[in-house]
Each structure stands twice: as structure tokens, then as C-alpha cells.
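Chains as they are written, first to last, in this note's numbering: chain A, 1 to 149; chain B, 1001 to 1149.
Since the structure comes first, as C-alpha cells, the remarks are kept for the end.
2 protein chains.
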Amino acid sequence: MNNIAAPIETEVPAPCTDHVMFLLIQVGNAMAQRLEQTLGVVGLSGPKFGALSHLVQVGQPLSLSECAARMTCVRSNITQLMDRLEADGLVRRVEDPNDRRAVRAVVTPLGRERHAAGVKQVETMKQELAKTLAGVDQGVLERVLSAIR
Amino acid sequence: MNNIAAPIETEVPAPCTDHVMFLLIQVGNAMAQRLEQTLGVVGLSGPKFGALSHLVQVGQPLSLSECAARMTCVRSNITQLMDRLEADGLVRRVEDPNDRRAVRAVVTPLGRERHAAGVKQVETMKQELAKTLAGVDQGVLERVLSAIR
DNA sequence: GCTATATTATTCATATATGAATAATATAGC
DNA sequence: GCTATATTATTCATATATGAATAATATAGC
Chain A
1 MNNIAAPIET EVPAPCTDHV MFLLIQVGNA MAQRLEQTLG VVGLSGPKFG
51 ALSHLVQVGQ PLSLSECAAR MTCVRSNITQ LMDRLEADGL VRRVEDPNDR
101 RAVRAVVTPL GRERHAAGVK QVETMKQELA KTLAGVDQGV LERVLSAIR
Chain B
1001 MNNIAAPIET EVPAPCTDHV MFLLIQVGNA MAQRLEQTLG VVGLSGPKFG
1051 ALSHLVQVGQ PLSLSECAAR MTCVRSNITQ LMDRLEADGL VRRVEDPNDR
1101 RAVRAVVTPL GRERHAAGVK QVETMKQELA KTLAGVDQGV LERVLSAIR
């Protein structure tokens, strides 16, 4: 669902502040959806790509708790995501030698490949966005968005 | 999960275009999350509030298909959402007299009340956002966002 | 060294979303 | 008027998210 909450359309010409909030949500969703779509081409979803990105970036096995912290989500979420990634053969779970409670996630070679493919897809999408944003001062936009986040 | 896809943090000083895409997604999610939270105070979720808003705005029963179209989502989604809204007593399903396949959603008095409470909550949140956005030309921001959507 | 407390990952219940398959009903085209 | 096709809502399987409860293990504080 794109409209998490639909604005009650008023008859006022341009009630600015009103719409900005919903616009931000809508645009965020639209971008996320487009990303999902592009990643789908190489068999990845947004969350799957996100998890792989973190693991590849760090360059070493991460405990599931660390993953959750990096991805700003709850641990049970990661448990499920890793189940799916493992089923896809993109990640493996290994025991932590230092802490018997912990489980660490390792990217498999296939996972690395898939991640690289995902990066390429994202590149393409970024270029499209750049076109859409031609004429907009991206520095300004970035600063505004950072302030809101 | 906030980070649908985490950018691979490069060492480059400010790769602008790169980040804007992820920033848009992040900000959208952050806003949606904040909205969820505020609405939670009066016992509503984003989708629930959204559905009520459409029904209240239109002012007459909407078929579930019409709801789906307005909320830009798939019909099975609305079936489930209406189940929850009905369980909450905020909406009732009524038969369509003209089309025996169709089911229409009607807001209950309690639904109206709850929606009004939600609107108040959203008002508050909008004012907060307005403060954050002080000094930003909202007209410009709105135009940029509209272009992307 | 033991005990109380914290941390880890998992499981469960739930909410939200999608898309495919289905049964009931409407409608277009002859 | 009948038949082929379309439309309606639902159900099912699945992915994603949250938070509470749990069992296993670590650690702090005495």
C-alpha cells in the first residue's frame, strides 16, 4: 500500500506544509518500491540486498545482533531474514567461537556474486534518479533530508 | 527495518547523488514510523487511518475494490485491513444492492470519532515537522518531491 | 565461586504487503 | 438468450516488520 495515510484533500489551493509530510512518505515508498523492482531482476529484495551490503562492507562475519543494530531493526526480524538468505544459499550461519550464545552470518561466494549484481542494478537506478533530479541542487536536497531524518 | 538497503559507505567526501536515493527512502520510513507512533496514541495504525480517511472524505460507502484503487494497493490487502477495522468496530461491511459480487465499507460512528482523533494527532505532527522545516522553502521542496513521485 | 542480571537467538502472535488461485456474479458479443 | 470473458472479494502462500516470552549462556558484584 502506497498511501500509508491519505491526506484529506482540501479545496485550498496549496496548503504546502500539509502535503510535504505525506509527500515525503509517498516518495520514500515509491523509491523503495522501484528499488525492490530493480533488485528483483537479480533475485534480491531490498532487505536481502541491505543485509548482504552490510556483511560485504564489514568484510567479516557479523553476529545477528550486530546485523540488527546496523539495519536498525529488531532481532527477530534478522532471524527470519537470515533464514531466507540461508535458504537462498547467499549466507551461512556459523557458531561464534568466543560466545556460545552468538551466531554469526557469513556471505557465501554466491552471496557475493548476487550482491555485486545488486550493486549494478542500484547503479542504474541511481543514474535514472540523477536524470529526474537534473536542475535540482542535490546538495541542498541532501541537507534538507538529513535535517529531517 | 529502517535501512531497506544500506549504501556501501565509500570514502569519497560527498558523493551526493549516491546518497539522495537512500536518504529519500530513509526519510520516508522515518516519517511513516513517526506517524505510526502518533496514531498509535489513539489506537490507530497508518493503514487504518488511511482507510478511514478515504471513507470519511468520500462520505459514502466504498466498495473494497474502490478502496484498493484509492489506497494504491492490492485487493487482498484491503480484505485483511477491513477484517481488522471491522474487528475494531470502526467499519462495517454492507452488501451492495446493485452488484451482488461487491461489498461496501461503511464507517461506524466510532470509526468517525477515531478518525477525528487521528486527524488531531496528525495535526500535531505536522506542526513539529513545520518547525524542523523552518527556513526551508517548502514550495521548492514540494515541487522537487512531486517531480520524483 | 555463586547468584542476580544481562545478553543472545529463537519462537510465537500479530500487522502489513504482494500475487496466484478460486468461486460467485456481471456483462459483452453474438 | 447463451457463452465467453471480466470483475468481485476471498483464501492461501509468502515476505517483511514488530514485540513479548523463552532457553541458553555470559558477566557483574559480592
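Ideal Cβ placement from N, Cα and C applies to all residues, glycine included.
As the structure is a computational prediction, the values presented were derived from the model and not from experiment.
(message) Bridge partners for B:L1133 per DSSP, in chain order?
(response) Answer is none; B:L1133 lacks a bridge partner.
(message) Suppose only complete runs of 4+ residues qualify. What are the alpha helix (DSSP H) ranges in the region 1046–1112 of chain B, listed by chain order?
(response) 1046–1058, 1064–1070 and 1075–1088
(request) Express the C-alpha separation of B:L1141 and B:L1024 in angstroms, rounding to a whole number. (result) 12 Å
(request) Check whether the region 1082–1094 of chain B touches the region 1049–1061 of chain B, counting contact only when three or more Cβ pairs, one atom from each stretch, lie closer than 8 Å. (result) yes
(request) Name the residue from B:K1126, B:K1120 and B:R1104 whose alpha carbon lies nearest to the alpha carbon of B:R1075. (result) B:R1104
(request) Report the option in B:L1129, B:V1144, B:R1149 and B:R1101 whose CA atom is closest to the CA atom of B:S1063. (result) B:R1101
(request) Taking B:G1135 as the reference, give the member of A:E123, A:I148 and A:T108 with the closest Cα. (result) A:I148
(message) Measuring only the C-alpha atoms, how far is B:Q1026 from B:C1067?
(response) 27 Å
(request) Mark B:I1008 as exposed unless 16 or more other C-beta atoms lie within 10 angstroms of its C-beta, in which case mark it buried. (result) Confidence at B:I1008 is low in this model, with a pLDDT of 49, below 50, so the placement of that residue should be treated as unreliable; the coordinate-derived value is given next. Answer is exposed; the Cβ neighbour count stays below 16.
(request) Check whether the Cβ atoms of B:G1046 and B:L1039 sit closer than 8 Å, and answer yes or no. (result) yes
(request) Kindly list, in the order they appear in chain B, the residues whose Cβ is closer than 8 Å to that of A:S146. (result) L1023
(message) Below 8 Å on C-beta distance, what does B:R1149 contact in chain A?
(response) L23, Q26, V27 and A30
(request) Could you check if A:G59 is buried or exposed, using at least 16 other CB atoms within 10 Å of its CB as the buried criterion? (result) exposed
(message) Under 7 Å: does the beta carbon of B:R1070 sit that close to some heavy atom of the ligand SAM?
(response) For the structure depicted, the ligand SAM is absent and the ligand set is empty, with no information on it obtainable.
(message) At the level of alpha carbons, what is the spacing between B:V1144 and A:E128?
(response) 15 Å
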